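Undergrad:
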Amino acid sequence: MTVNRQENMLYIATALIMNDEGHVLLVRKRGTTAFMQAGGKISAGETPIVALCRELNEELGLNLEESEPQFLESFIAPAAHEPGFFVEAQCYLVRLSHPVRPQAEIEEVIWLDPHSPSSIILAPLTRDSILPLARQLRSSLPKAVN
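Below, the structure is given as structure tokens:
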């Protein structure tokens with residue numbers, strides 16, 4: 000597949016990380032205000048799944064096999080911290096049953112119930128695409144095994 004890269008588009012791989020209660024793990028990067036999914040930019044020559052596994056290891060200390068995350072969907076949204084840019088996100092589902100600690104540039108992690116209103120600031124991708132998807136998936140997911 001050939002990707003037509005646009006100058007104002009950031010290409011990222013991101014994880015919808017859910018626990019057994021259906022809560023969603025969100026991260027906040029150091030020096031920012033908006034919470035979002037863990038993940039990050041896809042480097043040149045890297046596939047989205049390789050980028051995702053690398054980013055989850057760097058940000059949360061997760062050591063996932065490339066076969067573990069399940070591809071869900073691609074989304075486009077305004078970038079949370081880069082005005083005038085958009086993100087094209089390859090989103091993968093990751094089930095997690097153990098706590099994680101922030102590492103690298105991650106300052107804070109939270110578990111959010113996607114059905115409960117919250118006053119925290121959310122990245123546009125999280126607010127408009129990921130949390131609605133989490134609400135749909137929540138009732139149909141089996142328990143996490145890791």
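Numbering follows numbering that gives the first Met the number 0, with no gaps: position 25 of the sequence shown is 24.
By construction, the Cβ of each residue, glycine as well, lies at the ideal position given by its N, Cα and C atoms.
Just so it is clear, the structure is predicted and the values come from calculations on it, not from any experiment.
With a threshold of 16 other CB atoms inside 10 Å of the CB of residue 34, please say whether the residue is buried or exposed.
TA: Numbered from its first residue, the sequence shown carries residue 34 at position 35. Looking at its Cβ environment, which holds 16 or more other Cβ atoms inside 10 Å, residue 34 is buried.
Undergrad: With a threshold of 8 Å on Cβ separation, who are the neighbours of residue 41 within its own chain once the five nearest residues in sequence on each side are excluded?
TA: As a working note, residue 41 is residue 42 in the sequence shown. Around residue 41: 10, 11, 12, 47, 50, 89.
Undergrad: Just to confirm the assignment: which complete beta strand (DSSP E) runs, minimum length 3, are found wholly within the region 6–85?
TA: Within the region 6–85, the complete beta strand (DSSP E) runs of at least 3 residues are 8–17, 23–28, 38–40, 69–77.
Undergrad: Which residue from 96, 70, 86, 125 puts its Cα closest to that of residue 26?
TA: The sequence position of residue 26 within the sequence shown is 27, counting from 1. That would be 125, whose Cα lies nearest to the Cα of residue 26.
Undergrad: Can you give the Cα-Cα distance for residue 103 and residue 135, rounded to whole angstroms?
TA: Translated into the one-based positions of the sequence shown, residue 103 becomes position 104. Translated into the one-based positions of the sequence shown, residue 135 becomes position 136. About 31 Å.
Undergrad: Leaving out the 5 sequence neighbours to the left and right, which residues in its chain are closer than 8 Å to residue 127 when beta-carbon positions are compared?
TA: Counting from 1 along the sequence shown, the entry for residue 127 is found at position 128. Correct list, in chain order: 76.
Undergrad: Hey, would you say residue 91 sits closer than 7 Å to residue 14, going by beta carbons?
TA: The residue labelled residue 91 in the question sits at position 92 within the sequence shown. The residue labelled residue 14 in the question sits at position 15 within the sequence shown. Contact: yes.
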